[in-house]
Amino acid sequence: MGTKTRDFFGIASIFIFILTAAIVLTIWAIPLYQWTLQHFDIPQKMGLSFERILENYYALLKYLHFPWIKTLSLPDFPVSVSGAFHFHEVKNLFLLNYALLFLSFSGSFLYLRKLKQIKGFWRLVQPFKLAIFIPFILLLVLAMDFDWMFVMFHQLLFNNDAWLFNAATDPIILVLPQEFFMYCFILAFVLIETSFISSYFYFKKKAIQ
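Mapping the sequence shown onto UniProt numbering, position 37 (from 1) lands on 37, and the numbers just tick up by one.
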């Protein structure tokens, strides 16, 4: 494998690892969901206790993350055929994200080990310097029009409209407000930006040693 090809796949592996790791951390940011429930008084509006809503949320997370759980069953919320189909698609995306996380971790580890051997960390300084601006641009778009970004995000990932939940048939959407997803986007961007900045300064330091 030539140097340019190795650098391309190596740098791509690092970026994919950072992205997928940020997604995993965001998905499992349960305190963020707990805060959202309390901030918007969702338990009071739904007539369900805070603990009961969390029990349903945990059931949803288990279905989305564990391949051996084949059927979505929520203690207090019915799930329509369309809703079940959408959550099945989300489950596939989550599992794909985990696969990419582990593959990119392996690629990143091998590439960084090679750079350490040849004292080539300088190769990463410029890519990370440029990458730092990407989350800022996305956050700007989010701040300007989250609704548009939310719709575009779903249209990009799904080729159907099953994600347009009807609260009458899928009341689970009432405890998953759109603001929660906005907070998730913000958290993911912050995690990615923090990773880019810290990696830039780390590799810059290593490059001159």
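Built from N, CA and C at the ideal position, the CB exists for glycine as well.
Output the distance between the C-alpha atoms of residue i and residue j, rounded to the nearest integer angstrom.
i	j	result
D170	D147	21 Å
E193	A143	16 Å
A84	L72	7 Å
V190	Y98	20 Å
V125	I208	11 Å
I42	N56	13 Å
A12	F133	17 Å
M149	Q178	12 Å
L157	K62	21 Å
W163	V141	22 Å
K129	L101	23 Å
Using three-state DSSP, classify residue i as helix, strand or coil.
i	result
residue 217	Because the chain here runs from 1 to 209, residue 217 falls outside it and cannot be looked at.
I172	helix
residue 218	Nothing can be reported for residue 218, as the shown portion of the chain is limited to 1 through 209.
S198	helix
K119	coil
L124	helix
A12	helix
P177	coil
D7	helix
Classify residue i as buried or exposed, calling it buried when 16 or more other Cβ atoms lie within 10 Å of its own Cβ.
i	result
S195	buried
P135	buried
S198	exposed
V79	buried
T5	exposed
Y33	buried
Could you work out which residue in the options is closest to residue i when comparing CA atoms only?
i	options	result
F105	Y202, T20, A207 and D7	T20
I16	L96, S80, F66 and I173	L96
T3	Y111, L176 and W163	Y111
T26	H39, F40, I137 and M182	M182
P31	Q44, F50, W163 and I14	F50
L54	D76, W68 and F66	D76
L103	R113, G10, N160 and W68	G10
Y200	H154, P127 and V141	P127
P94	F8, F40, K204 and W28	The sequence shown places Phe at residue 94, rather than the Pro named in the question. Measuring from the Cα of F94, the nearest candidate turns out to be W28.
L48	K205, L174, L187 and D145	L174
Comparing the C-beta of residue i with each C-beta of chain B, is any distance below 9 Å?
i	result
P78	In summary, chain B is missing from the structure at hand, where a single protein chain is found.
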